[in-house]
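To keep things clear, I will list the structure first and then write my remarks on it.
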Amino acid sequence: MNSEVYYKSVDRSDVNWDRFDPEAVKIIIKLVEEFAAKIVISSTWRFGAVQLLDKELKKSGLRKYLHKDWKTPQVYPNHRGTEIKMWLDKQADIDNYVILDDDTNMLKEQINKFVRTNLHFGMQAEHYYQAREILENK
Numbered sequence: 022m023n024s025e026v027y028y029k030s031v032d033r034s035d036v037n038w039d040r041f042d043p044e045a046v047k048i049i050i051k052l053v054e055e056f057a058a059k060i061v062i063s064s065t066w067r068f069g070a071v072q073l074l075d076k077e078l079k080k081s082g083l084r085k086y087l088h089k090d091w092k093t094p095q096v097y098p099n100h101r102g103t104e105i106k107m108w109l110d111k112q113a114d115i116d117n118y119v120i121l122d123d124d125t126n127m128l129k130e131q132i133n134k135f136v137r138t139n140l141h142f143g144m145q146a147e148h149y150y151q152a153r154e155i156l157e158n159k
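Below is the structure:
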């Protein structure tokens, strides 16, 4: 979730765990507010560093946009698309969604709902427009 400028300016060994680029956060909030969406986390960040993730979500302002069931289940072996499908299968009220992820491990039926972000530079304006198009074209 980091722009190129932010990525270059952050010391990756920093123990403060400042992971969310403020510009990327603005883009995500714009998308979420525009479509009255909720955020669900399928990233590996949801394991192990939950307290740090929670702190960063709160600090960035993203925490209030989390779905009440805010993380996908974990499956072994790890398969992001399967985890997302399992989560969606439990949600009767979800009729539209977009997947924003740098992991391409999606199911065939998810490809038209998937926007691939950059591992190092994260969510950028181009991804916002791709996600917006997906959400508009249910």
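The letter at position 120 of the sequence shown is residue 141 when you use my numbering, and the numbering goes up by one with no holes.
Ideal Cβ positions, reconstructed from N, Cα and C, are used throughout, including at glycine.
Since this is a predicted model, take the numbers as computed values, not measurements.
Pair within 7 angstroms by beta-carbon distance, residue i and residue j
| i | j | result |
| --- | --- | --- |
| Leu52 | Tyr118 | no |
| Phe135 | Ile115 | no |
| Met107 | Ile48 | no |
| Arg153 | Asp124 | no |
| Leu140 | Phe56 | no |
Delimiting residues of the beta strand (DSSP E) encompassing residue i
| i | result |
| --- | --- |
| Ile62 | Ile60 to Ile62 |
DSSP three-state assignment for residue i, whether helix, strand or coil
| i | result |
| --- | --- |
| Ile120 | strand |
| Leu140 | coil |
| Asn23 | Bear in mind that the predicted position of Asn23 carries a pLDDT of just 49, short of 50, making it too unreliable to give a figure here. |
| His148 | helix |
Where the alpha helix (DSSP H) containing residue i begins and where it ends
| i | result |
| --- | --- |
| Val71 | Val71 to Ser81 |
| Leu52 | Pro43 to Phe56 |
| Lys106 | Arg101 to Asp110 |
DSSP bridge partner residues for residue i (one or two, in chain order)
| i | result |
| --- | --- |
| Lys89 | DSSP lists no partner for Lys89. |
Any 3 or more C-beta pairs closer than 8 angstroms across the stretch 130–138 and the stretch 73–80: no
Three CB pairs or more closer than 8 angstroms across the stretch 45–61 and the stretch 85–105: yes
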